[in-house]
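A.B. asks: Residue numbers (mature numbering (1 follows the signal peptide of the UniProt record, and there is no 0)): -17 to -1, 1 to 235. Built from N, CA and C at the ideal position, the CB exists for glycine as well.
In structure tokens, the structure reads:
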């Protein structure tokens, strides 16, 4: 994942330990990968505008393999290069700009989600409606990537990203590329929504910490949450990697 804001973590205004605040926001997932950190995620407040808060955070480490998201690396942490991540959230909204490289192919997208949730316990959330997310892809292979990731849905390839139904997958890709598009819309299961927390240690000039924003976020005193959860679209990238994303893309 690549942030469009590279400087927030260098901004002045470091808060003292006693004044640190933990901001939490809801995010949807695919229910396969299972790590949400209980500590170690810190960052800065970029700004608050129109009821939406933007934060930039850094993870303790990046994933070097997809299995890392199953055991030790948080699902909203980057792949390959551990650079700051930027998330915008608000009432009924979650958004992030993502970029990673899989099998020498760059996967870049802006994700915008309609999501309504309230905290339950730890990192879990209470959700009644299925979150809907739109991914807008960019780059040389944007259309092909939409087909690849759309067809990696469990309803097509099965529930195990490590052993997908490649026949169904390739058949779906053939149909999807007949009507190319660079936008993918996905609806997640409402049980696959959790809360990600960032300890704010700095703020951009003029930015102030938001008040609690009800359904989509919460603010609390310094501390850590507990429990584990599942990731967002990581398993779809894993499917593409297993099948051989680069070879499939270049053959289209």
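1. Could you check the C-alpha separation between residue 52 and residue 70 for me, to the nearest Å?
2. Using only alpha-carbon positions, find the residue among 84, 135 and 32 that is nearest to residue 74.
3. Relative to the alpha-carbon of residue 188, which residue among 98, 27 and 103 has its alpha-carbon at the smallest distance?
4. Measuring alpha carbon to alpha carbon, tell me which of 134, 148 and 171 ends up nearest residue 156.
5. Are the beta-carbon atoms belonging to residue 93 and residue 63 less than 8 Å from one another?
6. Could you pull out every residue in the same chain whose Cβ sits closer than 8 Å to the Cβ of residue 108, ignoring the five residues on either side in sequence?
7. Exposed or buried, which one is residue 13 when buried takes at least 16 other CB atoms within 10 Å?
8. Using alpha carbons as the reference points, say which of 184, 148, 20 and 131 lies closest to residue 164.
9. Can you say whether residue 39 is buried or exposed, counting buried as having 16 or more other CB atoms within 10 angstroms of its CB?
10. Please report how far the alpha carbon of residue 16 lies from the alpha carbon of residue 186, in whole angstroms.
C.D. replies: Let's see:
1. 19 Å
2. Among 84, 135 and 32, the Cα nearest to that of residue 74 is on 32.
3. 27
4. Taking only the C-alpha atoms, the option nearest residue 156 is 134.
5. no
6. Excluding residues within five positions, the ones whose Cβ falls inside 8 Å are 9, 100, 101, 102, 176, 177 and 178.
7. Under the 10 Å beta carbon count, residue 13 is surrounded by 16 or more other beta carbons and is classified as buried.
8. 131
9. buried
10. 31 Å
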